[in-house]
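**Student:**
Residue numbers (the working numbering): 2 to 125.
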């Protein structure tokens, strides 16, 4: 399918009425569906950094933003990582030491996330 044809088909679909939704509600739905589509089709994009060590700078960038699905997808794409790893960074940043198993308390990645979160003033 050519780009022009794809665009026309997509726009035609977007012009359909969806359960009586307003235009604004439909655009929010479309946005959320695109985020879900990217999350569910992660294997189709470059995840060549998956499993690599994180830099402090990368973690600071991620933790400076809200823990939303949209941001998880954005940073997974930007850093060529998996969606779940970004989600996990947000999760570890707010997990208290009391909630962690003993083996997790000495995990270097978790300690790095906790240190950066503390530097940024995130409570956890």
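Even glycine gets a Cβ: it sits at the ideal position worked out from N, Cα and C.
Alpha carbon to alpha carbon, how far is residue 27 from residue 19? Give it in angstroms, no decimals.
**Tutor:** Using only the alpha carbons, I get a separation of about 7 Å.
**Student:** Using a Cβ-Cβ cut-off of 8 Å (strictly less than) and excluding sequence neighbours within five positions of residue 78, which residues of its own chain qualify?
**Tutor:** Closer than 8 Å at the Cβ level, and outside the excluded window around residue 78, lie 39 and 46.
**Student:** Residue 93 and residue 74 - do their beta-carbons sit closer together than 8 Å?
**Tutor:** For residue 74 and residue 93, no; Cβs fall outside 8 Å.
**Student:** Determine the DSSP secondary structure at residue 123, reduced to helix, strand or coil.
**Tutor:** Coil.
**Student:** Quick check: the Cα distance between residue 52 and residue 3, rounded to an integer number of angstroms?
**Tutor:** Taking the straight line joining both Cα atoms gives about 36 Å.
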